[in-house]
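**Student:** The numbering used here puts the sequence shown at residues 9 to 236.
All C-beta atoms, glycine included, are put in the ideal place defined by N, C-alpha and C.
Please read all numbers here as calculations on a predicted model, not as lab measurements.
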Amino acid sequence: MVPRRSGRGPARAPPMSFGQGRLLVASVGELRALTIGFADPDHPNEMRILQGLVTALLGAGLGVQVFLSFLLAPTAFRVLERPTAVHIMEGVFPGYYGFGLVTVGIALVLTLILGFREPSPLRWGTNVLLAITVAGTVYAGQILLPQAHAARLRADAAPAGDLAPLAFSRLHRLAVVVNIAVFAAGAIALALHLAQGADDRARQGQLGGDSRVVSQGVGQNVPSGRGF
Numbered sequence: 009m010v011p012r013r014s015g016r017g018p019a020r021a022p023p024m025s026f027g028q029g030r031l032l033v034a035s036v037g038e039l040r041a042l043t044i045g046f047a048d049p050d051h052p053n054e055m056r057i058l059q060g061l062v063t064a065l066l067g068a069g070l071g072v073q074v075f076l077s078f079l080l081a082p083t084a085f086r087v088l089e090r091p092t093a094v095h096i097m098e099g100v101f102p103g104y105y106g107f108g109l110v111t112v113g114i115a116l117v118l119t120l121i122l123g124f125r126e127p128s129p130l131r132w133g134t135n136v137l138l139a140i141t142v143a144g145t146v147y148a149g150q151i152l153l154p155q156a157h158a159a160r161l162r163a164d165a166a167p168a169g170d171l172a173p174l175a176f177s178r179l180h181r182l183a184v185v186v187n188i189a190v191f192a193a194g195a196i197a198l199a200l201h202l203a204q205g206a207d208d209r210a211r212q213g214q215l216g217g218d219s220r221v222v223s224q225g226v227g228q229n230v231p232s233g234r235g236f
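1) If we call anything under 9 Å between Cβ atoms a contact, is residue 117 one with residue 69?
2) If I measure Cβ to Cβ from residue 98 and keep anything under 7 Å in the same chain, skipping five residues before and after, which residues do I get?
3) What is the rounded straight-line gap between the Cα of residue 210 and the Cα of residue 149?
4) Spatial neighbours of residue 108 within its chain, please: C-beta separation below 6 Å, excluding the five flanking residues on both sides.
5) Would you mind sorting residue 62 into buried or exposed? The rule is 16 or more other CB atoms within 10 Å of its CB.
6) Report the residue from 91, 195, 64 and 181 whose alpha carbon sits nearest the alpha carbon of residue 136.
7) Using the Cβ count rule (16 or more neighbours within 10 Å means buried), how would you classify residue 142?
8) Determine, using beta carbons only, whether residue 200 and residue 125 come nearer to each other than 9 Å.
9) When you compare only the Cα positions, how much space is there between residue 129 and residue 106?
10) Would the beta-carbon of residue 65 fall within 9 Å of that of residue 139?
11) Can you tell me which of 72, 102 and 83 puts its alpha carbon nearest to the alpha carbon of residue 151?
12) Is it buried or exposed for residue 53, if we count other Cβ within 10 angstroms and need 16 for buried?
13) Would you kindly work out how many angstroms separate the C-alpha atoms of residue 184 and residue 127, rounded to a whole number?
14) Classify residue 41 as helix, strand or coil using the three-state DSSP reduction.
15) By Cβ distance below 7 Å, which residues in the same chain neighbour residue 84 in space, the five residues on each side in sequence not counted?
16) Sorted by chain position, which residues of the same chain lie with C-beta nearer than 6 Å to residue 172's C-beta, five sequence neighbours on each side aside?
17) In or out: residue 176 buried (at least 16 other Cβ within 10 Å) or exposed?
18) So which of 100, 188 and 121 has the shortest CA-CA distance to residue 58?
19) With a threshold of 7 Å on Cβ separation, who are the neighbours of residue 179 within its own chain once the five nearest residues in sequence on each side are excluded?
20) If I measure Cβ to Cβ from residue 205 and keep anything under 6 Å in the same chain, skipping five residues before and after, which residues do I get?
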């Protein structure tokens, strides 16, 4: 005998038990916790790499400035005759300014990337100071240095009583002031950059701790065997 088909329509799925409902909620919660904690795992690493490159570039630029100003130049004028020391320093200055422009320029590009990815007052303050440093380096290397060299040549060839030596002295003092200002701006920029890096590490550590707490709390939702 063929069994009759019931006219009540298609069979319904069995009702979800209370334990299954809790398991579904727990699964969704765990997924959200993982999304919060690991949404972009490469982003912190990329930021740390960029911050490390900026630190290395600024440290190298400042280190060269300290070496030339406090070791090379005083030693050259102490050990050598003044005309020879002047010629040596004039030969070193183009490479000195070129190295500073490359290091600070690349650091400025990287800090701009960091500032657009994670804006903060410290990062934008660093960008402003590095822009000032780049402008000061260009001014000192491309404008003041040729002017001072030409003024020195005129002063060496000028007769007694000529004003050419005064013009050279004025340009030399201006170059010293500009170099001090460039060094100060770069040093402050490095300090702000390091402060921002420390703040980023603190926030990442706090976020990691919060994510672990959320994950542990969600993992405690063990499914129950009771039904409705």
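**Tutor:** To lay it out plainly:
1) no
2) 157
3) 40 Å
4) 69 and 145
5) buried
6) 195
7) buried
8) no
9) 29 Å
10) no
11) 102
12) exposed
13) 34 Å
14) Low local confidence applies: a pLDDT of 42 at residue 41 is under 50, so the model's placement there is unreliable, and no value is given.
15) 93, 96 and 97
16) 162, 163 and 166
17) buried
18) 121
19) 152, 155, 156 and 159
20) 59
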